[in-house]
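Read through the structure below, which is laid out as structure tokens, and then see the notes.
2 protein chains.
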Amino acid sequence: MSTTEPVPSEADPQERGPAEKKLRPGRTNATKQRLFEASMELIGERGAAGVTVDEIAAAAGVSKGTVYYNFGSKSDLIAQLLRHGVDIMLVRLQDVRGQANDPLESMTNMVGQAMEFMDDYPSFARLWVSENWRTPGEWSAVFAELRAELLAVIGSAVESVAAGYKVDESIARGSLEAAIFGAIFVVGLDRQTYNPERTREQSVAAVMTIMHGYLIK
Amino acid sequence: MSTTEPVPSEADPQERGPAEKKLRPGRTNATKQRLFEASMELIGERGAAGVTVDEIAAAAGVSKGTVYYNFGSKSDLIAQLLRHGVDIMLVRLQDVRGQANDPLESMTNMVGQAMEFMDDYPSFARLWVSENWRTPGEWSAVFAELRAELLAVIGSAVESVAAGYKVDESIARGSLEAAIFGAIFVVGLDRQTYNPERTREQSVAAVMTIMHGYLIK
DNA sequence: CTATTTGAACTGACCGGTCAGTTTAGTTAG
DNA sequence: CTAACTAAACTGACCGGTCAGTTCAAATAG
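Going line by line, the protein sequences match chains R and A.
So the first sequence is numbered by the numbering used here: it starts at 1 and just counts up by one.
So the second sequence is numbered by the numbering used here: it starts at 1001 and just counts up by one.
Rendered as structure tokens:
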């Protein structure tokens, strides 16, 4: 945890079990996949520091050694897990991009897709909000990069709206994107945790209120 | 914050106790207060599970035993810490309530006050988003209660707006409140962590976009 | 043969919680 | 005024247990 890489003298590059290496399709991917799913679930529920590697291995139906064979460390596993989740989300958001002609409708679709993603990977959002915003934490760099990628997608959607409608230019674009981002996550998480009876449409509509307020009527 | 007394060792017989020597509870409160501040800072940065009781004690300038003298357990400390932070926030939000005549302006003040709170207690929001939304976690009950209290304040402000303006009734009130809540926290946290150059006014304006979208004009 | 996985042992550090003892402030008795 | 007393407040060494990370010989599979 302390990030102080021990490795005092022993620098053996060709030690064993290279954690990052081209892999033959078949089993390796499956193992990593199962480790991703198991960690996503556990870490999303109890936080990164609250889950042990042994638990993750057990949940994935794999031995502890396998975890360290596929990933260099617990920290590395989590970093790759974050990347993995964001990749899935990005693909989904890209899919609905330009599906509609109206930028506002396109935006609604995107928010809906984000909500659906949170339904399918409920633990990812928990992981995200749990570990993000940690002052110089272990994955600051990873989060900064992933955050930028997600905000870029939202940003381009907002850009399209701004190009097609008259909007309130006095609103800072960056803050607006953050607000949308935050509203999506918190509305989605709140629905899962406290108000499962609320529909996805309700949630999307509440988030889209931001965009309607951005427009000049 | 104001003390900053070094208190390096116990060679100072006149320093051990705070000025007020009227009642026993006076001392208790001072120690508890320091423990609150120390834990808020540390836990906000590294998460509840990532901070040790020894660290908290050291940061507060007391011994580990004192932590257990004042609180029953680490878990209890955190529960009380959450309550403490919410109480501060609630007092602040109540203060601006009804300060303005226009409900919308009043709402703007409230959001501004929330942002100011996040400036003053930057670690509290981190603690909140880190530990909230944990499926049956240790403080589920505490969070449920505190969340309700905070949402009630936001809700009454929204209610006032709805009473004074024509609003979009098709938007679910609960989801709207969650969106506002989420936008406040995430915009505030994002500003602190990634974009400190953004002003509080920008942030407030971005959040208030939600309310403008709620209005029918 | 080679890549991958297993399972278990091992370590070295760490952690939450405890407790017997110490300090301090306030009170009482002489 | 002060010595004795009391109880709250505080201390820090200590304990039982846990965890991340390492290593490796043997098994499995392509």
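Backbone N, C-alpha and C fix where the C-beta goes; we use that ideal spot for every residue, glycine too.
On a predicted model such as this, the values are computed, not experimentally measured, just so you know.
Residue i, DSSP secondary structure in three states
i, result
"residue 1028 of chain A", "Confidence at residue 1028 of chain A is low in this model, with a pLDDT of 40, below 50, so its placement is unreliable and no value can be given for it."
"residue 62 of chain R", "coil"
"residue 1053 of chain A", "helix"
"residue 1 of chain R", "Below a pLDDT of 50, predicted positions are generally treated as unreliable, and residue 1 of chain R, at 33, falls in that range; the measurement from the model is reported next regardless. The answer is coil: DSSP assigns residue 1 of chain R none of H, G, I, E or B."
"residue 21 of chain R", "Residue confidence for residue 21 of chain R is low, a pLDDT of 38 falling below 50, so the modelled location carries little weight; the figure read from the coordinates is stated next. Reduced to three states, the DSSP call for residue 21 of chain R is coil."
Rounded C-alpha distance that separates residue i from residue j
i, j, result
"residue 1081 of chain A", "residue 154 of chain R", "35 Å"
"residue 1041 of chain A", "residue 1123 of chain A", "5 Å"
"residue 73 of chain R", "residue 1163 of chain A", "56 Å"
"residue 1078 of chain A", "residue 47 of chain R", "16 Å"
"residue 69 of chain R", "residue 31 of chain R", "11 Å"
"residue 116 of chain R", "residue 198 of chain R", "13 Å"
"residue 87 of chain R", "residue 148 of chain R", "13 Å"
"residue 52 of chain R", "residue 129 of chain R", "20 Å"
"residue 1064 of chain A", "residue 64 of chain R", "34 Å"
"residue 132 of chain R", "residue 1104 of chain A", "32 Å"
"residue 1186 of chain A", "residue 1150 of chain A", "16 Å"
"residue 200 of chain R", "residue 94 of chain R", "20 Å"
"residue 102 of chain R", "residue 157 of chain R", "11 Å"
"residue 1188 of chain A", "residue 172 of chain R", "14 Å"
"residue 1096 of chain A", "residue 1109 of chain A", "6 Å"
"residue 1067 of chain A", "residue 76 of chain R", "34 Å"
"residue 1176 of chain A", "residue 1058 of chain A", "42 Å"
"residue 1217 of chain A", "residue 1165 of chain A", "9 Å"
"residue 56 of chain R", "residue 44 of chain R", "12 Å"
"residue 1144 of chain A", "residue 1035 of chain A", "24 Å"
"residue 50 of chain R", "residue 1050 of chain A", "8 Å"
"residue 137 of chain R", "residue 1060 of chain A", "22 Å"
"residue 170 of chain R", "residue 1092 of chain A", "28 Å"
"residue 33 of chain R", "residue 1119 of chain A", "40 Å"
"residue 1107 of chain A", "residue 1098 of chain A", "9 Å"
"residue 152 of chain R", "residue 29 of chain R", "29 Å"
"residue 1071 of chain A", "residue 1054 of chain A", "14 Å"
"residue 62 of chain R", "residue 1190 of chain A", "37 Å"
Of the residues the options, the one placed nearest residue i, counting alpha carbons only
i, options, result
"residue 1182 of chain A", "A/1196, A/1114 and A/1095", "A/1114"
"residue 160 of chain R", "R/100, R/128 and R/118", "R/100"
"residue 139 of chain R", "R/59, R/83, R/204 and R/205", "R/83"
"residue 1192 of chain A", "A/1037, A/1145 and A/1126", "A/1126"
"residue 210 of chain R", "A/1200, A/1151 and A/1178", "A/1178"
"residue 1215 of chain A", "A/1200, A/1201 and A/1168", "A/1168"
"residue 1205 of chain A", "A/1043, A/1112 and A/1142", "A/1112"
"residue 1090 of chain A", "A/1106, A/1076 and A/1146", "A/1146"
"residue 135 of chain R", "A/1213, A/1212, A/1035 and A/1195", "A/1195"
"residue 1142 of chain A", "A/1085, A/1207, A/1190 and A/1188", "A/1085"
"residue 1180 of chain A", "R/174, R/166 and R/213", "R/213"
"residue 121 of chain R", "R/38, R/207, R/29 and R/56", "R/38"
"residue 1184 of chain A", "A/1207, A/1107 and A/1029", "A/1207"
"residue 1174 of chain A", "R/174, R/152 and R/203", "R/203"
N-terminal and C-terminal residue of the alpha helix (DSSP H) that residue i is part of
i, result
"residue 200 of chain R", "200-214"
"residue 1087 of chain A", "1074-1096"
"residue 1178 of chain A", "1173-1193"
beta-carbon residue i near the ligand HEM non-hydrogen atom, thresh 7 Å
i, result
"residue 1158 of chain A", "Here there are no bound small molecules, and the ligand HEM is not part of this structure."
Inset, instruction - At 3 residues or longer, and completely inside the region 106-156 of chain R: list those beta strand (DSSP E) runs for me, N to C. - result: none
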